[in-house]
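Below is one structure, written out as structure tokens; comments come after it.
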Amino acid sequence: MTQTRRETWLFWLFALLILGAGLGLRDPWPADEPRFALVAKQMVESGDWLFPHRGSELYSDKPPLFMWLQAAFLWLTGNLRIAFLLPSLLAALGTLWCVTDLGARLWSRRVGLYAGWAVLLTIQFTWQAKKAQIDPLVVFWITLSCYGLLRHALRGPDWRMWALGWAAAGLGTISKGVGVIALFVLLPMAFASLRGWPGVRLHARSAKFWLGPLAFLAACGVWLVPMLLAALGNGGDAYRAYVNDILLRQTLTRYADSWHHGQPAWYFIEVALTAWLPTMLALPWAIPAWRRRLQRHDARYLLPLVWVLLVFVFFSIPSGKRDMYILPALPMLCLALAPLLPGILRKRDAQRLLTGFVAVFSLALLGAGLAMLFGEPGFERRFMDGRDSVVAHGLAAMFVASGGAGVGALLWLGRRRAQAALVAMLATLWVLYSLVGAPLLNDGSSSRGLMRAVGAALGPDAQLGLVGWREQQLLMADRPATDFGFKRDPKLQFADGLKWQRQAPSSRWLLVEGEALQACVDKALSRDMGNANRRRWWLLPDAATLYCP
């Protein structure tokens with residue numbers, strides 16, 4: 076018991092170190108982070124939390140739950156750099172707690188820890204957990220839903236867990252519509268229960284069964300009911316369009332007729348075999364073991380594995396696919412893998428494979444760092460677009476240190492403890508990225524550097540208008556900025572910007588993205604503000620637009 080407790084403390088120490096390092100050291104980065112952070116900031120400033128806004132326009136791409144959490148933390152802390160990342164951090168830790176606790180309840184505390192390590196060390200999970208996108212929160216809600224439903228079916232009846240599972244699926248749905256996929260686990264539950272698999276029952280004949288669907292509707296209603304009442308009551312045409320877009324186009328239409336991110340049907344298999352490394356290295360030994368346990372009718376494997384398969388099938392049907400769509404399947408895959416890991420890691424071939432992975436990964440990091448220090452690779456030139464030259468040297472040192480840590484750990488620990496070398500390498504990489512890499516990249520990636528330069532060029536009293544803007548420019552502006560729509564044609568934005576500027580020509584300036592710059596602008600009288608986020612920006616006084624109609 077003492078050893079298990081020590082291993083538990085070690086796991087959570089590493090989880091906090093890897094996931095929490097760097098909190099408060101950077102601003103939101105594209106593509107999605109500035110958008111959500113801007114919406115949250117405007118919620119706090121305006122007091123309108125029910126209908127998200129992006130600048131002057133309603134934002135209907137996603138339900139607001141994630142942005143509510145960011146806004147709540149911003150209100151509590153007053154620090155956007157901390158507030159925008161806290162929901163992802165807490166969600167990731169919550170996901171780890173769900174798999175470790177469920178593994179302990181279904182098998183043993185050590186198996187639960189193996190499940191937690193498998194999730195934490197998967198590259199895609201940690202990469203997404205350190206970003207302020209909706210996906211980490213959705214992964215948590217879906218995992219919590221599976222947690223409650225599996226506890227009810229395999230260790231029940233437990234009607235509180237049953238209601239929790241449905242409620243979590245509802246909260247996942249109002250975070251991102253696909254949160255409802257958590258309920259797919261009911262299908263293998265029903266199959267196993269009807270076929271008489273030992274140890275699994277849905278208890279569907281009880282009147283308490285309906286607590287689950289009611290909990291789902293109640294959770295969805297937290298947002299849906301007040302939003303629909305307000306929008307369809309006295310909201311006007313813009314709010315009715317918001318309802319149509321978020322409930323139909325961004326959910327059903329996006330799934331049935333995707334309009335971007337087209338990928339082949341097998342795309343998610345490629346994602347799992349690459350982004351889910353090193354966990355997927357265990358598959359050659361896990362698949363035969365799973366088959367044997369399914370032949371023995373062990374429902375602890377059937378339920379999570381079939382659910383993972385259903386998630387892959389669900390997201391593979393539409394043509395539009397993004398790599399993070401299948402991330403919610405990872406925790407349940409690791410749960411089914413965890414009981415097998417102790418035996419797999421004792422196998423010589425498995426140790427050799429893991430040693431090879433750590434060696435290749437470490438040498439790649441080491442080689443990239445040395446190339447950036449002593450050569451001029453193409454990736455460095457692309458990386459430096461809009462950034463100071465000191466960034467490359469700092470990143471090179473980070474890569475060299477991470478790769479060196481991996482090589483050193485292999486030499487120190489030997490080939491029989493490759494898993495410890497893996498932890499050393501990845502922990503070093505994630506911590507250095509958070510404490511060194513992200514702060515170095517921040518000015519260029521977040522547009523803070525651009526907007527700092529714009530503020531210095533304008534002086535304290537000038538007014539700023541944005542044309543062809545992205546969310547990070549409005550978020551990072553050092554003063555209230557006027558926008559002329561976000562989704563509107565840049566030509567129409569520019570025309571409205573000119574009207575606004577000419578109302579007070581001596582004090583109003585326009586920041587215009589290069590592709591939105593009209594031919595009538597006199598560039599000799601404009602200020603070239605350089606590149607940020609792979610776009611060129613121009614600051615226009617009234618004199619530069621004098622001949623524009």
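Be aware that the sequence shown starts at 76, since it is given in my numbering, and climbs by one per residue.
Think of the CB as a built atom: it goes at the ideal place given N, C-alpha and C, for glycine as much as any other residue.
Treat the numbers as computed from the prediction; the structure is a model and nothing was measured.
Using C-beta distances below 8 Å, list every residue in its chain close to residue i, excluding the 5 sequence neighbours before and after it, in chain order.
i: residue 299; result: 249
i: residue 100; result: 156, 509, 510, 513, 514 and 517
i: residue 151; result: 158
My output table needs one value for residue i: the three-state DSSP class, helix, strand or coil.
i: residue 87; result: helix
i: residue 446; result: helix
i: residue 310; result: coil
i: residue 558; result: strand
i: residue 587; result: strand
i: residue 372; result: coil
i: residue 609; result: coil
i: residue 538; result: strand
i: residue 107; result: coil
i: residue 424; result: helix
i: residue 128; result: strand
i: residue 21; result: Lying before the first or after the last residue shown, residue 21 is absent from the chain, which here runs from 76 to 624.
i: residue 461; result: Summary for residue 461: the model assigns pLDDT 49, below 50, so the residue's position carries little reliability, and this model does not support an answer.
Answer with buried or exposed for residue i, where buried requires no fewer than 16 other C-beta atoms within 10 angstroms of its C-beta.
i: residue 309; result: exposed
i: residue 163; result: buried
i: residue 599; result: exposed
i: residue 141; result: buried
i: residue 108; result: buried
i: residue 595; result: exposed
i: residue 216; result: buried
i: residue 123; result: exposed
i: residue 603; result: exposed
i: residue 301; result: exposed
i: residue 465; result: exposed
i: residue 210; result: buried
i: residue 269; result: exposed
i: residue 503; result: buried
i: residue 574; result: exposed
i: residue 102; result: buried
With a Cβ-Cβ cutoff of 8 Å, do residue i and residue j count as a contact?
i: residue 619; j: residue 601; result: yes
i: residue 614; j: residue 529; result: yes
i: residue 436; j: residue 391; result: no
i: residue 569; j: residue 587; result: yes
i: residue 494; j: residue 429; result: yes
i: residue 582; j: residue 538; result: yes
i: residue 228; j: residue 297; result: no
i: residue 259; j: residue 382; result: yes
i: residue 540; j: residue 591; result: no
i: residue 567; j: residue 556; result: no
i: residue 18; j: residue 607; result: Given that the chain is displayed from residue 76 to residue 624, the structure contains no residue 18 and the question cannot be resolved.
i: residue 357; j: residue 416; result: yes
i: residue 203; j: residue 399; result: yes
i: residue 475; j: residue 438; result: no
i: residue 149; j: residue 119; result: yes
i: residue 244; j: residue 254; result: yes
Going by C-alpha to C-alpha distance, which of the options sits closest to residue i?
i: residue 282; options: 144, 272 and 232; result: 232
i: residue 361; options: 388, 408, 607 and 576; result: 408
i: residue 131; options: 445, 154, 532 and 559; result: 559
i: residue 256; options: 577, 326 and 570; result: 326
i: residue 403; options: 393, 313, 175 and 170; result: 170
i: residue 498; options: 191, 97 and 116; result: 191
i: residue 427; options: 557, 492, 102 and 206; result: 492
i: residue 200; options: 88, 78 and 350; result: 350
i: residue 125; options: 258, 534, 314 and 286; result: 314
i: residue 340; options: 319, 394 and 439; result: 394
i: residue 230; options: 270, 419 and 278; result: 278
i: residue 377; options: 262, 105, 418 and 419; result: 262
i: residue 623; options: 611, 577, 606 and 198; result: 577
i: residue 188; options: 83, 94 and 127; result: 83
i: residue 180; options: 253, 147 and 410; result: 410
i: residue 552; options: 379, 527 and 439; result: 527
i: residue 194; options: 572, 206, 384 and 86; result: 86
For residue i, which residues in the same chain have their Cβ closer than 7 Å to its Cβ, ignoring the five residues on either side in sequence?
i: residue 496; result: 433, 481, 484, 485 and 488
i: residue 91; result: none
i: residue 238; result: 286, 287 and 290
i: residue 129; result: 110, 113, 114, 546 and 561
i: residue 104; result: 520 and 521
Grab me the residues of residue i's own chain with a C-beta within less than 6 Å of its C-beta, minus the 5 sequence neighbours each way, in chain order.
i: residue 240; result: 220, 223 and 224
i: residue 183; result: none
i: residue 473; result: 507, 511 and 512
i: residue 218; result: 170, 173 and 406
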